[in-house]
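Residue 114 in the working numbering sits at position 101 of the sequence shown, with consecutive numbering throughout.
We treat Cβ as the ideally placed atom computed from N, Cα and C, and that holds for glycine.
Owing to the predicted nature of the structure, the values given are computational and were not obtained by experimental measurement.
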Amino acid sequence: MKKLVAIFSFITLVSCSKEKQPIAYGEDSCDFCKMTIVDQIHGAEIVTDKGKVYKFDALECLIDFKQEMVKETPEQFFTNHYLVPSELISAQTAIYLISENIPSPMGEFITAFPNREQAQKVQLEKGGAIYTWNEILDQQQN
14 MKKLVAIFSF
24 ITLVSCSKEK
34 QPIAYGEDSC
44 DFCKMTIVDQ
54 IHGAEIVTDK
64 GKVYKFDALE
74 CLIDFKQEMV
84 KETPEQFFTN
94 HYLVPSELIS
104 AQTAIYLISE
114 NIPSPMGEFI
124 TAFPNREQAQ
134 KVQLEKGGAI
144 YTWNEILDQQ
154 QN
């Protein structure tokens with residue numbers, strides 16, 4: 014009986030984890046548009062206050078999904094970034110470059126970078142405009 018209680022406790026703790034999860038590129042589907050997530054530079058995730066993870070093929074899908082959430086509270090936001098494809102970083106601290114020279118799955122051309130300096134380096138080569146998380150939210154919600 015003690016083993017059963019221990020196993021149940023472990024499963025409960027693991028299932029309630031409030032952590033990001035790796036995206037299985039080519040297998041996972043976007044929770045907003047339902048497309049298969051294949052682009053390792055533009056994927057994104059929401060982790061709710063209860064630990065539910067939603068995965069997206071692009072930041073704009075994450076933003077659209079976030080606006081429609083009513084039963085759950087998003088707690089953390091993550092995005093892949095240009096410099097290390099498939100690595101998820103905090104979307105709230107990332108810096109974004111919108112450049113038509115960096116295609117994205119949903120055609121909004123939003124690409125994340127871990128810091129402003131790196132975004133500016135790529136901006137010199139690819140053009141475009143730089144935004145913070147709040148600026149991207151404002152732009153996408155209007």
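Checklist entry - Any idea what DSSP makes of Asn147, helix, strand or coil? => result Translated into the one-based positions of the sequence shown, residue 147 becomes position 134. Asn147: helix per DSSP, three-state reduction.
Next on the checklist: To the nearest angstrom, how far is the alpha carbon of Ile36 from that of Phe91?
Outcome noted: Your numbering for residue 36 matches position 23 in the sequence shown. Your numbering for residue 91 matches position 78 in the sequence shown. In a straight line, the C-alpha of Ile36 is about 11 Å away from that of Phe91.
Item to check | Endpoints, beta strand (DSSP E) assigned at Lys68 | outcome: Against the sequence shown, residue 68 aligns to sequence position 55. Following the DSSP letters along the chain, one finds Lys68 inside the beta strand (DSSP E) bounded by residues Val66 to Phe69.
Checklist entry - Using a Cβ-Cβ cut-off of 6 Å (strictly less than) and excluding sequence neighbours within five positions of Glu85, which residues of its own chain qualify? => result Taking the sequence shown and counting its residues from 1, the one referred to as residue 85 is at position 72. Result list for Glu85: Thr61, in chain order.
Checklist entry - What distance in whole Å lies between the Cβ atoms of Ile143 and Tyr109, which are believed to be in contact at a cut-off of 8 Å? => result In the sequence shown, residue 109 corresponds to position 96, counting from 1. In the sequence shown, residue 143 corresponds to position 130, counting from 1. Contact holds; Cβ gap of about 7 Å.
Checklist entry - Relative to the alpha-carbon of Asn147, which residue among Asp41, Glu113, Ser112 and Leu72 has its alpha-carbon at the smallest distance? => result On the sequence shown, position 134 is the one that residue 147 refers to. Nearest of Asp41, Glu113, Ser112 and Leu72 to Asn147, Cα basis: Leu72.
Checklist entry - Expressed to the nearest angstrom, what Euclidean distance is found between the alpha-carbon atoms of Gly140 and Ser112? => result Here residue 140 refers to the residue found at position 127 of the sequence shown. Here residue 112 refers to the residue found at position 99 of the sequence shown. In a straight line, the C-alpha of Gly140 is about 6 Å away from that of Ser112.
Item to check | Exposure of Glu58, with buried meaning 16 or more beta-carbon neighbours within 10 Å | outcome: For the purposes of this step, residue 58 is taken as the residue at position 45 of the sequence shown. Glu58 comes out buried.
Checklist entry - If you run the structure through DSSP and keep just helix, strand and coil, what is Thr25? => result Reading the sequence shown from its first residue, position 12 is the one you call residue 25. Unreliable positioning characterises Thr25 in this predicted model, as indicated by a pLDDT of 46, which lies under 50. The coordinate reading is nonetheless provided below. DSSP places Thr25 in helix when its eight states are reduced to three.
Next on the checklist: Below 8 Å on the Cβ atoms is my contact criterion, and I expect Phe126 with His94 to pass it. Report the Cβ-Cβ distance as a whole number of Å.
Outcome noted: The count along the sequence shown starts at 1 and reaches residue 126 at position 113. The count along the sequence shown starts at 1 and reaches residue 94 at position 81. Yes, Phe126 and His94 are in contact; Cβ-Cβ is about 6 Å, under 8 Å.
Next on the checklist: Quick check: the Cα distance between Met5 and Glu138, rounded to an integer number of angstroms?
Outcome noted: Outside the shown range of the chain, which is 14 to 155, sits residue 5, and nothing can be said about it.
Item to check | Beta-carbon spacing of Ile50, Tyr38 below 8 Å | outcome: For this step, residue 50 is matched to residue 37 along the sequence shown. For this step, residue 38 is matched to residue 25 along the sequence shown. Yes, the Cβ-Cβ distance between Ile50 and Tyr38 is below 8 Å.
Item to check | For Val83, the three-state DSSP class (helix, strand or coil) | outcome: As a first step, residue 83 is located in the sequence shown; it is residue number 70 there, counting from the start. In the structure shown, Val83 sits in coil (DSSP, three-state: anything other than H, G, I, E or B).
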